[in-house]
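Enquirer: First the structure, then my questions, so here it is.
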Amino acid sequence: MASHAAAAPHTAGADAGHDDGHEHHHYTTTGLDNRKIAIWAFLGSECMLFASLISTYLIYKGKSLVGPFPHTEWVNEAGKRFEPILDIPVTSASTAVLLASSFAMVLALQAVQLKGKPIAATAGWWERIQRSSQFWLAATAFLGATFLGFQAYEFTSFVHEGLTIKTNLFGSTFFTLTGFHGAHVTVGVLWLMTLLWIDRTRGLGPKDELIVDICALYWHFVDVVWIVIFTLVYLIS
Amino acid sequence: MSHDAKHSAAHGAAHAHETHHPTGNQYLKIAIILTIITAIEVWAYYIPALVASPLFNPALIIMSALKFGIVVLFYMHIKFDHPLFRLLFTASLILALCTGTALMFLFKVF
Amino acid sequence: MATIAAPTHAGHAEASSQNTGIWSWIATTDHKRIGTLYLWTALFFFLVGGLEAVLIRTQLMKPNMGFVSAETYNQLFTMHGTTMVFLAIMPLSAAFFNFLIPLQIGARDVAFPRLNAFSYWVYLLGGIFLTVPILFDVAPNGGWFGYAPLTTVQFSPGHNIDFWVIGLQVLGVSSLAAAFNFITTIINMRAPGMTLMRMPMFTWMSFVVQFLLVLAFPPITVALVFLLMDRFFGTTFYAIAAGADPLLWQHLFWVFGHPEVYILILPAFGLVSEVLPTFSKKPLFGYNVMVYSGIMIGFLGFGVWAHHMFAVGMGAVADSIFSMMTMLIAIPTGVKIFNWIATMWAGEVRFEVPMKFAIALIGMFTIGGISGVMHSSPPADLQQTDTYFIVAHFHYVLFGGSIMGIFAGIYHYYPKMTGRFMDTGLGNLHFWGNLIGMNLTFFPMHFSGLYGMPRRIYQYDSGQGWDLFNLMSTYGTYLIALSTLVFVWNFVRSRTRGAVAGNDPWGAGTLEWSIPSPPPEYNFAQLPEVTSRYPLWDLKDPSKTAGIAHSHADAMTITDAHAVPVHEETERFTAKELGIPMPLPTAKPLFTAVGLMTMFSGLLFLRNDLFAVAMTITIGGACMFIGGLYAWLTSPLE
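Protein sequence lines correspond, in order, to chains Y, D and L.
According to our numbering, the first sequence holds residues 509 to 745 in order.
According to our numbering, the second sequence holds residues 1235 to 1344 in order.
According to our numbering, the third sequence holds residues 595 to 1232 in order.
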């Protein structure tokens, strides 16, 4: 980027394509875009946020006085039996969906980067579809929304089985931790839909690489947080 | 650091995208690897003999860390990007891990 | 760049006419104006917090006073702490971050000017939200550290803690947004040649502080979210009856709370590191070591939190580790003290008002630091914890350190901010009143503390040996209050009456002094090309900086910035005349901030079973927030 800027004449507009049109090519010390530095600092901060949430979950693990419990069954005073509440098959499916959405996201970024580049006449459907940023953005948002659907299903079935956010320490920590993650996914889906809308109205091209990239970084981060949650909360008993 | 930064910005960043970034097919391979690791994790969960093993938890944590690393290195392309981003993220991540571990130690989780 | 049109008087007049009026402040995106807003607002809250301190000390003047009720007393000490930490010292530092960082690194603004405005507005609204309840006797009353389970609904059923938990959550958003902004600014907006190791020490210390903010605020955000969920949605995070651990809050809070101490003190360290070289006419002694020790303090600051909790019984291993880490952190701090002394050694010291405050910081902070090392030892701490000895310790650190440093900064940078000097006579009066007053207030607390006087009690019986010390502390507080009034008078009056200051009234060496006072909106008409740590001294008195490294190599690698060697800019233009694009004024950040505050304040109604009202306000606020954000992000910056 720095080399581009150096070559371009120092006039407004000629180089505006570098950013999203909001800023002219201001000089920066590192040649990097401000927004990308900020998003990485933000993700660093998010590491601390989720570390605190996950630590609390683990600290309170096994400390609940009443059930239902995540991995063991529980019989209450009235003799009612509660199965272990976590539904591993469903959550494995939703984990796979979120992983797939990250894959769709990298292809969306790639499609934006490659927009306008010629494509070989012999290219098959796989090469061609890789060029459609709208398809991959929509796919990412759809898979993200599917994950949220799984989460909504999981939450409602837990409530039906007798576990609410008030029931015990497990309920409080579990719903807060996964709810926090779900809120991040929701923000991500809204962000993706906004990008999709921009793509449909004015088209996203290589000049917009950065705004797609920072959304992608956020999205993948939300994915890696889930990777950790899936193992520590669901699989390890 | 800023000297480094300028250097790689001038010489690296502009070309990095074309030369080093994985292609769509490589991304597909990464996705398949991630799915396989997840499948192994879930499979292991259903084998009582494995769950009873003292290596079960460490193995799951290692697999989870592996997936974490793959996504951050390739999908978040920290491997190919400016070293500054690596520094910002890994420093925060290490501090977060240390703080979380210290908290769990203080609460006698292990 | 040499062919710039000559400045016209008409242009000048036009520029000044568009830059006044209330709208120009509401919609401002200029980092200097935002810094000024921070300064005025934070000084206001400093007076509020000070007034609370006066009321507290009046109640404690004599045994068994009945000046305020026990409940009011709880609200007063809670709000005194909360106000001073979150609404006064942090934003006073933020005022300097805003005003100084771009000037010191040779930038025309911060990386995200509108985010910067957003941070300020969120701070203002959060501050009002926290402060107004005290007028209606429903102010937070659980201490500035808000220990749960005390602060859960079971033990604090009123709305008091609701205001605290929501207010702090909102203020956290402000601090985090500002921190991302300044990290980016310092990494990416430095002028050509301004390498990291040439940055002025204030910018360096601020840089460390931004990382502390970014990494220390998430744990308290999480702790506050738990408390908020417990209070509003009936979760069990802090419910002992459900098996919760009463130490969870303490640990999460102090994981934040100790780095917070360095968030409060490092900017003041940075400010005196600017003042001392200037008034000693010598470069800062041991610059590199000062940088490393600052980083070291920041880093170690994350590993000492549990020394606030020795009394809870964590066990020998944990106590030993945290005790050792705490003693260790005294080393980089001590390094700084010695480097400041060495900076003054053999210098041409001028005892101007800023210099007096800076020297006072060295002395007073050292006292607070040494008493800190005393209670880093768990056996000693068990005697001292929760007594007035601790109160003495952290007031020497925060008043003797942070406040002295910030006053040094205010007297030092006032001419840069306003173009006029503050009055020296009044400044001296303020300084001596403050110095004597603080020692009269806080030194006797060491004794009342060691005699066993606990913190946070609102009455005490006579005959325990505390009477005289308490009386001294109260008179000391009155002296501080009087001298603060002198300061306020001086601060307000000097804006129009002070002697006019030029670009560089103190003969300082860093970039911010090369431009007019107050700086024009664009800061630097031409980006400076920096070749050393004290570019202005290179220009005016090279003998001062002969001993430090100079190099053009870094500056020359960037050619597109049109940088020119550092020089004094004396003429004023408008940004338009110079063709410098400036961020447009916009009220969208304010609108977005109002949305955020509204969204959170809806929660208050939940506990009155006004579910519909709560949802209406929260959803309305959320729509405002999201709408404001979209409007902001889709409109051009400049």
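Yeah, the Cβ is synthetic: ideal placement off N, Cα and C, and Gly gets one too.
So with Cβ pairs under 8 Å, would you call D:L1214 a contact of chain L?
Expert: No answer is possible for residue 1214 of chain D: the residues shown for chain D start at 1235 and end at 1344.
Enquirer: Please list the segments of the alpha helix (DSSP H) lying wholly inside the stretch 1132-1218 of chain L, counting only runs of 4 or more residues, in order along the chain.
Expert: Counting whole runs of 4 or more residues, the stretch 1132-1218 of chain L contains the alpha helix (DSSP H) stretches 1147-1151, 1169-1172, 1182-1195.
Enquirer: My output table needs one value for Y:V695: the three-state DSSP class, helix, strand or coil.
Expert: Correct three-state label for Y:V695: helix.
Enquirer: Confirm, please, whether the CB-CB distance from Y:H728 to D:V1305 is below 8 Å.
Expert: Yes, Cβ-Cβ distance for D:V1305 and Y:H728 is below 8 Å.
Enquirer: What first and last residue would you give for the alpha helix (DSSP H) that runs through L:A817?
Expert: Residues 795-827.
Enquirer: Would you check if the stretch 1074-1081 of chain L and the stretch 1054-1062 of chain L touch, i.e. whether three or more CB-CB distances between them fall below 8 Å?
Expert: The stretch 1054-1062 of chain L, when compared against the stretch 1074-1081 of chain L, does not touch it at the 8 Å Cβ threshold.
Enquirer: Restricting to runs no shorter than 4 residues, where is the alpha helix (DSSP H) found entirely within the stretch 869-908 of chain L?
Expert: Runs found: 881-894.
Enquirer: Give the secondary structure of L:T981 by DSSP, where H, G and I count as helix, E and B as strand, and everything else as coil.
Expert: Here L:T981 sits in strand by DSSP.
Enquirer: How long is the line joining the alpha carbons of L:F749 and L:P743, rounded to whole angstroms?
Expert: Whole-angstrom Cα-Cα distance: 7 Å.
Enquirer: Could you name the residues that DSSP lists as bridge partners for Y:V583?
Expert: Its beta-bridge partners are Y:R589.
Enquirer: Closest by CA to L:V767, which one among L:E868, L:V1188, L:M1066, L:P1179?
Expert: When each option's Cα is compared against that of L:V767, the closest is L:V1188.
Enquirer: Using the beta-carbon of each residue, which ones in chain D are nearer than 7 Å to Y:A549?
Expert: In chain order: L1322.
Enquirer: Between which two residues does the alpha helix (DSSP H) containing Y:H668 stretch?
Expert: From DSSP, the alpha helix (DSSP H) with Y:H668 extends over 641-669.
Enquirer: Work out the CA separation of Y:T654 and Y:E531 for me, nearest whole Å.
Expert: Below a pLDDT of 50, predicted positions are generally treated as unreliable, and Y:E531, at 40, falls in that range; the measurement from the model is reported next regardless. Those two C-alpha atoms are separated by around 36 Å.
Enquirer: Report yes if the C-beta distance between L:P696 and L:Y632 is below 8 Å; otherwise report no.
Expert: Taking 8 Å as the Cβ cut-off, L:P696 and L:Y632 do not qualify as a contacting pair.
Enquirer: Using a Cβ-Cβ cut-off of 7 Å (strictly less than) and excluding sequence neighbours within five positions of L:L1223, which residues of its own chain qualify?
Expert: Excluding sequence neighbours, L:L1223 sits near T1186.
Enquirer: For Y:M556, would you say it is in contact with chain D, using Cβ-to-Cβ distances shorter than 8 Å as the test?
Expert: Yes - at least one Cβ of chain D is within 8 Å of the one on Y:M556.
Enquirer: What are the partner residues of L:E665, as DSSP defines its beta bridges?
Expert: Answer is none; L:E665 lacks a bridge partner.
Enquirer: Report the residues of the stretch 1274-1301 of chain D with a CB closer than 9 Å to any CB of chain Y, ordered along the chain.
Expert: Per Cβ criterion, the list reads E1275, V1276, A1278, Y1279, Y1280, V1285, F1290, N1291, L1294, I1295, M1297, S1298, A1299, K1301.
Enquirer: Between which two residues does the alpha helix (DSSP H) holding L:M1032 run?
Expert: 1018-1044 is the extent of the alpha helix (DSSP H) around L:M1032.
Enquirer: I need the straight-line Cα distance from L:T1164 to L:I953, nearest angstrom please.
Expert: Taking the straight line from one Cα to the other gives about 32 Å.
Enquirer: Candidates L:V764, L:L976, L:G897, L:S970: which alpha carbon is nearest L:S1195's?
Expert: Minimum Cα distance to L:S1195 is reached at L:V764.
Enquirer: In whole angstroms, give me the CA-to-CA distance for D:T1333 and L:T1139.
Expert: Near 43 Å, if we compare the C-alpha coordinates of L:T1139 and D:T1333.
Enquirer: In chain order, what residues of the stretch 1120-1140 of chain L put their CB closer than 9 Å to some CB of chain Y?
Expert: For the stretch 1120-1140 of chain L, which is checked against every Cβ of chain Y, the residues closer than 9 Å are L1121.
Enquirer: Per DSSP, L:R1014 is paired with what?
Expert: Its beta-bridge partners are L:V1094.
Enquirer: Along the alpha helix (DSSP H) that carries Y:E554, what are the first and last residues, could you check?
Expert: Start and end: 542-568.
Enquirer: Can you list the residues of chain Y that L:V1158 reaches, using a CB-CB cut of under 7 Å?
Expert: The contacting residues do not exist; L:V1158 stays about 13 Å from chain Y at best.
Enquirer: Secondary structure at L:E1234, three-state DSSP: helix, strand or coil?
Expert: The requested residue 1234 of chain L does not occur in the structure, where chain L is confined to residues 595 to 1232.
Enquirer: Would the stretch 633-649 of chain Y and the stretch 696-713 of chain Y be scored as touching if the rule is three or more Cβ pairs under 8 Å?
Expert: Cβ pair count under 8 Å is three or more, so yes.
Enquirer: Look at L:R792 and L:S1126 and say whether their C-beta atoms are less than 8 Å apart.
Expert: A contact, by the Cβ cut-off of 8 Å.
Enquirer: Identify the residues that DSSP records as bridge partners of L:P1048: which are they?
Expert: Its beta-bridge partners are L:T981.
Enquirer: Output the distance between the C-alpha atoms of D:F1314 and D:F1308, rounded to the nearest integer angstrom.
Expert: Their Cα atoms are separated by approximately 8 Å.
Enquirer: Work out the CA separation of L:T1192 and L:G1215 for me, nearest whole Å.
Expert: Cα-Cα distance, rounded: 5 Å.
Enquirer: Give every residue of the same chain whose Cβ lies closer than 6 Å to the Cβ of L:I859, excluding the five residues on either side of it in the sequence, and list them in chain order.
Expert: Correct list, in chain order: G995, S996.
Enquirer: Compare the C-beta of D:F1314 against all C-beta atoms of chain Y and say whether one is closer than 8 Å.
Expert: With 8 Å as the cut-off, D:F1314 does not count as an interface residue toward chain Y.
Enquirer: Name, please, each residue of chain L whose Cβ falls closer than 7 Å to the Cβ of D:L1327.
Expert: Here the premise fails: no neighbours, minimum Cβ distance about 11 Å.
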